[in-house]
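Chains A, B and C, in that order, give the protein sequences.
The first sequence begins at 1 in our numbering and counts up by one.
The second sequence begins at 1 in our numbering and counts up by one.
The third sequence begins at 1 in our numbering and counts up by one.
All C-beta atoms, glycine included, are put in the ideal place defined by N, C-alpha and C.
All values reported here derive from a predicted model rather than from experimental measurement.
To keep things clear, I will list the structure first and then write my remarks on it.
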Amino acid sequence: MRKFFAPLLVLAILLMVVAPVLIAEAPYEATMGLIQKIFYFHVPSAMMMMLSVFICGIWSIIFLLKKRPAADHVAVTAGELAVVFGLFVLVTGPLWARIAWGVWWTWDVRLTSYFLLWMIFVGYLLVRKYGGPGSDKLSAAMAIFGMANVPFVYVSVDIWRTMHPKTTVVTTLGEGMAIPFWFCVFAFLVVYSLVFVSRLRLEEQRARVEQLFLEASDI
Amino acid sequence: MKMLSSFCRCVWVSGVAVALMLMTTATAWAQQVPPEGGLEGFVPANSLPPAQRMPAAPLLIAAYAFIWVALLVYLWFIWRRLGRVETELRQMEGQLRK
Amino acid sequence: MFARVVLLVMRKDLTIEVRSREILYTTLFFAVSCVLVFAFAFVREGEPLGDAAAGILWIAIAFAGTLALGRAFERERHAETLRALMLAPAARPAIYVGKLLGILALLFATELIIVPLVALLFAAPFFSRPLLLAGLLVSGTIGFAAVGTLFAAMLVRARSRDVLLPVLLYPITIPVIIAGVRGTAALVQPVVDPAIIVMLISLLVAFDVVFLTLSLWTFEPLMTE
């Protein structure tokens with residue numbers, strides 16, 4: 001893991017420095033203008049959150065079935081990252097909405113369901129921290145139910161008439177917008193892996209300390 | 001060790017405070033109406049061009065800055081905790097070997 | 001065998017409840033107090049606010065449901081009977097379904113009182129389409145209780161279960177409550193559009209299927225020590 005760390009860090013910094021330049025050169029959107037450029041960070045953050053939710057859910061299932069602590073470490077890491085990247089979405093979203101819609105927040109289906117999903121993972125972390133013994137299983141169940149909520153969040157914009165842009169905008173981007181966008185997605189993926197690797201290592205080392213502590217108290 | 005951790009906490013709290021202040025000033029700045037020249041009379045318009053409703057640039061910069069700062073703070077936070085846990089690990093391993 | 005265990009667990013819960021009527025009375029009292037509190041917030045100069053009745057109804061159901069769930073499992077914990085149930089040579093999913101049916105019976109009994117009460121106090125025409133209303137209530141309550149039973153059972157052993165049950169339960173079941181509120185609000189409009197309500201009921205049924213499957217499937221690994 002340590003071998004990948006330094007190249008990953010350099011690559012992440014490089015990508016995150018180049019990304020704003022590419023975004024600045026991307027064409028303006030016809031009706032929204034400058035503010036539409038929040039999209040290049042907003043949507044990749046949302047993608048990373050969804051990725052975390054799925055990682056957290058799937059590794060929670062593995063943990064429940066196989067009872068392997070390693071799976072639990074992955075799930076905790078992904079759960080925390082879901083909250084962090086979800087926060088990015090929830091912060092950049094209102095900044096965009098203030099210009100595009102004229103309000104910071106509206107109780108639109110997409111916004112509400114996304115906020116709920118985020119709340120589920122905040123709850124996941126709360127249960128982790130304050131649940132006491134057995135909280136690992138409790139939170140695993142919560143992650144699985146959270147993952148079951150994702151399709152609802154994802155399709156909500158397409159089913160209901162909401163103000164939020166549909167998910168199809170990503171696939172219909174013109175070339176000038178598509179290249180910076182997918183570049184940003186890639187940059188976020190690299191940054192995500194960097195944070196993921198660091199957080200996972202922390203979780204593993206923490207578990208080792210606990211293990212050693214138990215062994216020491218047995219002697 | 002204790003002093004160090006309280007120092008780190010101070011840095012962390014002040015970092016959050018500065019970030020919050022930056023965000024509030026950015027929004028306050030964003031809400032300022034652009035100054036207009038000395039007009040003879042007001043001409044009513046049904047709708048403003050979107051660019052004039054509120055300057056978008058500060059909000060855009062605030063959004064990117066937030067992600068950058070938050071990511072760095074989060075990473076730094078993880079690395080600091082990792083450092084502490086690894087020191088503890090080494091200490092415990094040393095003690096167990098004795 | 002499966003059905004027999006389900007029936008036995010349910011009958012056990014209902015027998016205890018019929019003898020003491022503790023949960024039913026306290027839950028009902030709590031739900032009525034909820035409605036009263038909301039009456040202060042949402043009635044201005046004698047006129048209830050537009051769609052408030054739908055929201056009040058579902059919030060009362062959700063709050064009362066949380067109380068009932070907590071109590072139903074607190075009783076099991078008190079006498080260590082849940083452990084005994086788990087030790088019994090019975091399929092775990094059957095135990096889950098039995099507990100779920102017991103809770104559902106309680107919640108439906110509570111709803112029988114609250115729904116007419118809210119309709120009466122807030123002048124809401126809930127009963128203009130009784131079948132649609134029943135569809136919303138049944139599918140919504142099943143969704144709420146399915147997740148609630150699973151989490152309440154898991155929390156029996158946790159230290160801070162009273163706080164954690166709402167923390168776990170509300171974010172996950174809010175989609176159910178939103179769909180319920182939207183459906184009921186559509187029901188009390190001057191012109192009822194059955195298509196929307198049927199769509200919401202089918203959404204609730206989809207939730208029920210997903211939540212029930214997941215609960216049945218995770219109950220076994222979650223309840224083994």
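Cross-chain neighbours of B:W76 in chain A, by beta carbon under 7 Å
Listed by position along chain A, the residues whose Cβ is nearer than 7 Å to that of B:W76 form an empty set, because the closest Cβ is around 10 Å away.
Is the CB of A:G123 under 7 Å away from at least one CB in chain C?
Closer than 7 Å: yes.
Can you give me the C-alpha to C-alpha distance between A:A178 and C:L200, rounded to a whole angstrom?
In a straight line, the C-alpha of A:A178 is about 36 Å away from that of C:L200.
Look up A:E29 in the DSSP assignment and say whether it is helix, strand or coil.
A:E29: strand per DSSP, three-state reduction.
Since C:V43 sits in a beta bridge, which residues does DSSP pair it with?
Its beta-bridge partners are C:P48.
Coarse secondary structure for A:E80, derived from DSSP in three states
Helix.
Is the region 60-74 of chain C touching the region 144-151 of chain C, taking contact as three or more C-beta pairs under 8 Å?
These segments touch.
Close-in-space but distant-in-sequence residues of the same chain around C:M10 (CB under 7 Å, 5 per side omitted)
For C:M10, where only same-chain residues beyond five positions count, the Cβ hits under 7 Å are G98, L101, G102.
Can you list, in chain order, the residues of its chain whose CB lies under 7 Å from that of C:A158, leaving out five sequence neighbours each side?
Taken in chain order, the residues that qualify are L164.
Which word fits C:F2, buried or exposed, when buried means at least 16 other C-beta atoms lie within 10 angstroms of its C-beta?
Its Cβ having fewer than 16 others within 10 Å, C:F2 is exposed.
The ligand SAH heavy atom lying under 6 Å from the CB of C:A3:
Of the ligands one can find in the structure shown there are none, so the ligand SAH has no counterpart to examine.
Within its chain, find whatever has a CB closer than 6 Å to the CB of C:E173; leave out the 5 residues flanking it on each side and keep chain order.
Residue identity differs from the one stated: residue 173 of chain C is Thr in this sequence, not Glu. Taken in chain order, the residues that qualify are F144, V147.
Is the shortest distance between the beta-carbon of C:T27 and the beta-carbons of chain A less than 7 Å?
When Cβ-Cβ separations below 7 Å define contact, C:T27 makes no contact with chain A.
Do the region 181-195 of chain A and the region 37-52 of chain A meet, that is, are 3 or more Cβ pairs less than 8 Å apart?
Under the 8 Å Cβ criterion, the region 181-195 of chain A counts as touching the region 37-52 of chain A, having at least three qualifying pairs.
Measuring only between beta-carbons, confirm whether C:I196 sits less than 7 Å from chain A.
The C-beta of C:I196 comes no closer than 7 Å to any C-beta of chain A.
Alpha carbon to alpha carbon, how far is A:R98 from B:F66?
Approximately 16 Å, taken between the alpha carbons.
For C:D208, the three-state DSSP class (helix, strand or coil):
Reduced to three states, the DSSP call for C:D208 is helix.
What residue from C:A179, C:L24, C:R4, C:P93 has the CA that sits closest to C:I113's CA?
Residue nearest to C:I113 within the set C:A179, C:L24, C:R4, C:P93 is C:L24 (criterion: CA-CA distance).
On the criterion of 16 or more Cβ atoms from any shown chain inside 10 Å, does C:R44 qualify as buried, or is it exposed?
Exposed is the call here.
Quick check: the Cα distance between A:F121 and A:S60, rounded to an integer number of angstroms?
For A:F121 and A:S60, the gap between their C-alpha atoms comes out near 13 Å.
Among C:T224, C:S160, C:T141, which has the Cα closest to the Cα of C:W58?
Check the Cα spacing between C:W58 and each of C:T224, C:S160, C:T141: the tightest is with C:T141.
Which residues of chain A have a Cβ atom closer than 8 Å to the Cβ of B:R97, listed in chain order?
What B:R97 touches in chain A, judged by beta-carbon distance under 8 Å, is nothing: the nearest beta carbon there is about 11 Å away.
Got a sec: is the Cβ-Cβ distance from A:Q37 to anything in chain B below 7 Å?
Checking the sequence, you will find Lys at residue 37 of chain A rather than Gln. Closer than 7 Å: yes.
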